[in-house]
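The block underneath contains the structure these notes are about, expressed in structure tokens.
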Amino acid sequence: MRVQLVLISAVALLAACSNSEETKTAANGEPAAATPAALAAPEPGLWQQTVSGAQMPQPMTVKICVGETAPGSNPFNAPQAGVTCSENTVKSTPGGAEFHAVCNAQGMTVTSDGKVTGDMRTAYKVDITTKTSGPNVPPTMAEMKMSVAAKRLGDCPAGVAPNAVVQ
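Under this note's numbering, residues 3 to 169 are what the sequence shown spells out, in order.
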């Protein structure tokens, strides 16, 4: 369970820093790469995301209601309170996108690098490498490789807010 919580935290940190206005500048003070207007965003609706990785005893699947993506923002999730990111870049690549983020929360620093592939209307895959540092980070969690396979299931159920997990 501790492994799953740390993995969820790492993915949450990545997701959290994806929309923050603080993430538009790299640590060296130079402008970070802006999210290209042509960068595809997941189609709004109900998505099933399955997270897997070597440190996980079994894949974890969640259903999330994805809303419209604000122009110029990273299309993968909304920010979370208490998380700041000193770096956040997303760039289009043939067949998808690549991202790099350095985020801090609860005394931990998580550096994430990844690639996104897929059509974003029906399915996509994210391969992520995270490096976590800070007090109480177990050695097995210092560097992790994860994959997220997502597929669109349809429209969100009535009354469910964007970014809400659906049971």
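By construction, the Cβ of each residue, glycine as well, lies at the ideal position given by its N, Cα and C atoms.
Within the DSSP secondary-structure output, Cys67 pairs in a beta bridge with Leu48.
Sequence-distant partners of Ala125 (beyond 5 residues in either direction) whose C-beta falls short of 8 angstroms from its own C-beta, in its chain, are Ala151, Ala152, Lys153 and Arg154. Judged by beta-carbon spacing, Pro140 lies beyond the 8 angstroms limit of Gly109, meaning their Cβ atoms are not closer than that value. Our two residues, Val162 and Cys105, have alpha carbons roughly 28 angstroms apart in a direct line. Judged by DSSP in its simplified three-state form, Thr124 adopts coil rather than helix or strand. Take Lys133, set aside five residues on each side of it, and the residues of its chain with a beta-carbon closer than 6 angstroms to its own are Thr113 and Glu145, in chain order.
Taken atom to atom, the span from the alpha-carbon of Thr111 to that of Trp49 is near 28 angstroms. Rounded to the nearest angstrom, the Cβ distance from Ala72 to Met122 is 16 angstroms, too far for a contact under 8 angstroms. Within the same chain, Cβ atoms closer than 6 angstroms to the Cβ of Gly120 are found at Tyr126 and Lys127, the five residues on either side in sequence being excluded. Per DSSP, Gly98 is one residue of the beta strand (DSSP E) stretching across Gly98 to Ala107.
In its chain, beyond the 5 residues on either side, Pro46 have a beta carbon closer than 6 angstroms to the beta carbon of Glu70. If you check the CB distance, Cys67 and Ala160 do not come in under 8 angstroms. If you draw a straight line from the Cα of Val64 to the Cα of Gln51, it comes to about 5 angstroms.
One thing to note: Thr86 has its Cβ no nearer than 8 angstroms to the Cβ of His102.
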